[in-house]
Amino acid sequence: MLNPIKIEAINLTKRFGELMAVDHINLEVNPGEILGFLGPNGAGKTTAIRMFCGLLKPDEGVVLYNSQSLHQFPDGKSLLGVCPQENVHWERLTCKEQMVFTGEMYNLPRKLAKSRSLDLLEQLGLSSQAGKQARRLSGGMKRRLNIALALVHDPAVLFLDEPEAGLDPQSRVLMREFITGLAGSRTVILTTHNMDEADRLSDRVAIIDEGKILRVDTPENLKHSIGTNSTLEDVFIQLTGKKLRT
Amino acid sequence: MKLLAVIRKSFTEQIRQVWILLLTISMAPFFVGIFYLIYKSTALNLQVSVVNLDSQSAGHRDADFGKELLRYLESVKNDTIPVAFNEVSDRATAEEQVRNKQAHAMIIIPAGFSDSILFKREGGNVRVPFELSGNLTETNYMISAILGITYVSGYINSVTGTLEPYHFIETPAGLSSKLNDFTLAIPGLLVLATIMLMFSGAIAFVVEPEKKTMLRLKLSRVRPVTFLTGIAIVQVLVGLVSILLTLWTSYLFGFDFSGSFWLFLLVCVLTCLSVIGFSLILAGVTKSVNEVLVVGNFPLFLFMFFSGTFFSIQGATLFTLGGYAFTIPGLMSTYHGTEALKQVLIYQAGISEIWPQLVSISGLTIIYFLIGYWIYRKRHMVVF
Numbered sequence: 049m050l051n052p053i054k055i056e057a058i059n060l061t062k063r064f065g066e067l068m069a070v071d072h073i074n075l076e077v078n079p080g081e082i083l084g085f086l087g088p089n090g091a092g093k094t095t096a097i098r099m100f101c102g103l104l105k106p107d108e109g110v111v112l113y114n115s116q117s118l119h120q121f122p123d124g125k126s127l128l129g130v131c132p133q134e135n136v137h138w139e140r141l142t143c144k145e146q147m148v149f150t151g152e153m154y155n156l157p158r159k160l161a162k163s164r165s166l167d168l169l170e171q172l173g174l175s176s177q178a179g180k181q182a183r184r185l186s187g188g189m190k191r192r193l194n195i196a197l198a199l200v201h202d203p204a205v206l207f208l209d210e211p212e213a214g215l216d217p218q219s220r221v222l223m224r225e226f227i228t229g230l231a232g233s234r235t236v237i238l239t240t241h242n243m244d245e246a247d248r249l250s251d252r253v254a255i256i257d258e259g260k261i262l263r264v265d266t267p268e269n270l271k272h273s274i275g276t277n278s279t280l281e282d283v284f285i286q287l288t289g290k291k292l293r294t
Numbered sequence: 130m131k132l133l134a135v136i137r138k139s140f141t142e143q144i145r146q147v148w149i150l151l152l153t154i155s156m157a158p159f160f161v162g163i164f165y166l167i168y169k170s171t172a173l174n175l176q177v178s179v180v181n182l183d184s185q186s187a188g189h190r191d192a193d194f195g196k197e198l199l200r201y202l203e204s205v206k207n208d209t210i211p212v213a214f215n216e217v218s219d220r221a222t223a224e225e226q227v228r229n230k231q232a233h234a235m236i237i238i239p240a241g242f243s244d245s246i247l248f249k250r251e252g253g254n255v256r257v258p259f260e261l262s263g264n265l266t267e268t269n270y271m272i273s274a275i276l277g278i279t280y281v282s283g284y285i286n287s288v289t290g291t292l293e294p295y296h297f298i299e300t301p302a303g304l305s306s307k308l309n310d311f312t313l314a315i316p317g318l319l320v321l322a323t324i325m326l327m328f329s330g331a332i333a334f335v336v337e338p339e340k341k342t343m344l345r346l347k348l349s350r351v352r353p354v355t356f357l358t359g360i361a362i363v364q365v366l367v368g369l370v371s372i373l374l375t376l377w378t379s380y381l382f383g384f385d386f387s388g389s390f391w392l393f394l395l396v397c398v399l400t401c402l403s404v405i406g407f408s409l410i411l412a413g414v415t416k417s418v419n420e421v422l423v424v425g426n427f428p429l430f431l432f433m434f435f436s437g438t439f440f441s442i443q444g445a446t447l448f449t450l451g452g453y454a455f456t457i458p459g460l461m462s463t464y465h466g467t468e469a470l471k472q473v474l475i476y477q478a479g480i481s482e483i484w485p486q487l488v489s490i491s492g493l494t495i496i497y498f499l500i501g502y503w504i505y506r507k508r509h510m511v512v513f
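From first to last, the protein sequence lines stand for chains A and B.
The first sequence begins at 49 in this note's numbering and counts up by one.
The second sequence begins at 130 in this note's numbering and counts up by one.
In structure tokens, the structure reads:
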């Protein structure tokens, strides 16, 4: 794995016709930091993340990793690991098979891909399911498999979109411990609607709405900014309002 | 090696999709069985009803040429085309047999036939009005009529001592004298085995964007050409299994394989590749397996009908290549695949005789792949 990476979004903008999905956002994520990326539905989180990963071309602006674009970065493709909101895996491959395949797609030697796969499956409580086809796993197991798939090539930057969605309390605890364990060695951007999850896991939180970054600060500072005994949800509602989003 | 990893993954997924795999590889062998039953039940066995209106010549009591012709026709044995001439008492019965398809044709030996023969023998000039009747739209009638005319003419020439100033020598082309309709259908059925790859190939290509696993491939920056080649190689293997299964089934039903096996294999691999190339176009314009199954029906029928598997189609010539006419059906590669397999399997042709077909299949394969690659990449595999 590479050393932790600093991420910078500079003036990042994306329009879909009349809709300004991401509106000139500027954001810095420090090396080894876990940044909670919060926003209501349609706020622009996913669009921004897709631009961070090179899956969507910005209309304006740039994303830099240690001051270099993804294309300039040596072996840039191995830099990023992504766990999308939906479970994305090959239904008819076993957990181990798809982990090894994903590793090989990132140029990992097959032997190394196998050992890393078994290690990650062990850490995420899936070692007993290694030989089972993904379609036969429970929802929680699939979620954990998706985290493992994002990490098999040992990326320096990790994007986690709702990592705890659909997990039971036991799995949530396991997942939090696992993500916390990643801190320091990787830069993590965590997208979630779960304020408790963001509060517990994030070093800093960025709140986005209508394509604009509204605030970026530590959870503690954000909570104190609106009063004692406030929660992150209070901060979120105060900044984004109570209006339901489509 | 990424290509090897894609092949391994695609192969594993393919064999675990048991129903798709079974349907893909078993369709053509199944149709071999169907065709065998069709041709067996419709095996050529021509029946011709003969009505004899002639009677003994009044002047010569031993001259009954109508009856003699009838016996001659009844004794005819044709090794190539089974035909039987049967006496029927009257015209109405013969007509009814033709209508009921109990007979393919009827011949009326006219009244006064014996007298006409005698008159001819004595140097007279006569034209005997033989009547042939049957359903003119049926091929079997035409064959029966030709055979009837041939035998009747031969008999009359024989009894009148007339010698025609010509005679035909029939030379069978290739193995055609040993062929039957079932054998002739086999090249088309072998190509049918490749046509099914259009669905299995398109499904293998489109399932990644549909299930969003394409995201992982895009993030890994795997080159589209590596990913698509890996899937195509597995699909070629599936196609070859299907073709060999079809060939084996044909053999069980009596098809006698002849010609160069390696040339046969080359034609099959090229045809498989071309269909897989087309499946890439199909996967490029669709977003899900359901769409593939709906949209795919249109090219499926084009491939099937233009291959000549079920009907022989002749379209307008677009251009010629080494004397080989490139027609509108030739826009579908399976047409050339069938033509090449016919040449190899039936006429034992070599590569020098089927190069225009090989060039045509290869050219169309490249065109299909280029179009398919462009559409698929643009729609499903763009990264920045």
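We treat Cβ as the ideally placed atom computed from N, Cα and C, and that holds for glycine.
Report the neighbours of K105 of chain A on chain B: residues whose CB is nearer than 8 Å to its CB, in chain order. F513
The alpha helix (DSSP H) with Y502 of chain B in it runs from where to where? 480 to 509
Alpha carbon to alpha carbon, how far is S273 of chain B from Y201 of chain B? 16 Å
Quick one, are the C-beta atoms of Y505 of chain B and L409 of chain B less than 8 Å apart? yes
What does Y113 of chain A reach in chain B if we use C-beta pairs closer than 7 Å? Per Cβ cutoff of 7 Å: no residues; Y113 of chain A is ~14 Å from chain B at best.
Please give me, in chain order, every unbroken run of the beta strand (DSSP E) with length at least 3 that falls completely inside the segment 106 to 183 of chain A. 108 to 113, 128 to 131
Where the segment 344 to 366 of chain B meets chain A: residues whose CB sits under 8 Å from a CB there: L344, R345, L346, K347, L348, S349, R350, V351
Scan the segment 198 to 243 of chain A and note each continuous alpha helix (DSSP H) run of 4 residues or more that stays entirely inside, going in chain order. 217 to 230
Close beta carbons around N89 of chain A, own chain, < 7 Å, minus the five adjacent residues each side: R293
Do V148 of chain A and K125 of chain A have their C-beta atoms within less than 8 Å of each other? no
Among B:G330, B:D183, B:I237, B:D310, which has the Cα closest to the Cα of T209 of chain B? B:D310
Cβ atoms of V320 of chain B and T400 of chain B: under 8 Å apart, would you say? yes
So, at 6 Å on beta carbons, what are the nonlocal neighbours of L262 of chain A in its own chain, with the 5 sequence-adjacent residues on each side left out? I255, L287
Roughly how many angstroms lie between the CA atoms of N310 of chain A and A134 of chain B, to the nearest whole one? The structure shown does not extend to residue 310 of chain A, since chain A spans only 49 to 294, so no value can be given for it.
Based on DSSP bridge pairs, tell me the residues matched to F214 of chain B. B:V177
Output needed for I483 of chain B: all residues of its chain with C-beta closer than 6 Å, excluding positions within five of it in sequence on either side, in chain order. A469, Q472
Distance between F434 of chain B and F440 of chain B (C-alpha atoms, nearest Å): 6 Å
Integer Cβ distance of G388 of chain B from L460 of chain B, believed to fall under 8 Å: Actually they are not in contact, since the Cβ atoms of G388 of chain B and L460 of chain B sit about 26 Å apart, beyond 8 Å.
Check this for me: beta carbons of L392 of chain B and I480 of chain B, under 8 Å apart or not? yes
Pairs of beta-carbons, one from the segment 174 to 192 of chain A and one from the segment 135 to 144 of chain A, closer than 8 Å: are there three or more? yes
Closest to L276 of chain B by C-alpha separation, out of B:K206, B:Q231, B:T463, B:Q185, would be which residue? B:K206
Chain A contacts from the segment 130 to 143 of chain B (Cβ-Cβ distance under 7 Å): K131, A134, K138, T141, E142
How many angstroms separate the CA atom of Y380 of chain B from the CA atom of V367 of chain B? 20 Å
At which residues does the beta strand (DSSP E) containing D257 of chain A begin and terminate? 252 to 257
Give the secondary structure of L182 of chain B by DSSP, where H, G and I count as helix, E and B as strand, and everything else as coil. coil
Scan the segment 142 to 163 of chain A for residues whose Cβ lies nearer than 7 Å to a Cβ of chain B and list them as they occur along the chain. E145, F149, T150, E152, M153, Y154
Can you tell me whether N269 of chain B is helix, strand or coil according to DSSP? helix
Listed from N- to C-terminal order along the chain, which residues in the segment 146 to 162 of chain B have their beta-carbon within a distance smaller than 9 Å of any beta-carbon of chain A? Q146
So K267 of chain A and D247 of chain A are in contact, right, with Cβ under 8 Å, and what is the actual spacing, rounded? Looking at the sequence itself, residue 267 of chain A is Pro, so the reference to Lys does not match. About 5 Å separates the two Cβ atoms, so the contact holds.
Say whether the segment 269 to 288 of chain A touches the segment 108 to 117 of chain A, bearing in mind that this needs 3 or more beta-carbon pairs closer than 8 Å, one atom from each stretch. no
Have a look at B:T494, B:K169, B:L151 and flag the residue whose alpha-carbon is nearest the alpha-carbon of G383 of chain B. B:K169
Closer than 8 Å between beta carbons: that is the criterion. Which residues of the segment 320 to 343 of chain B meet it against chain A? K340, K341, T342
Quick one: which unbroken alpha helix (DSSP H) runs of 4-plus residues sit fully inside the segment 334 to 379 of chain B? Chain order, please. 343 to 348
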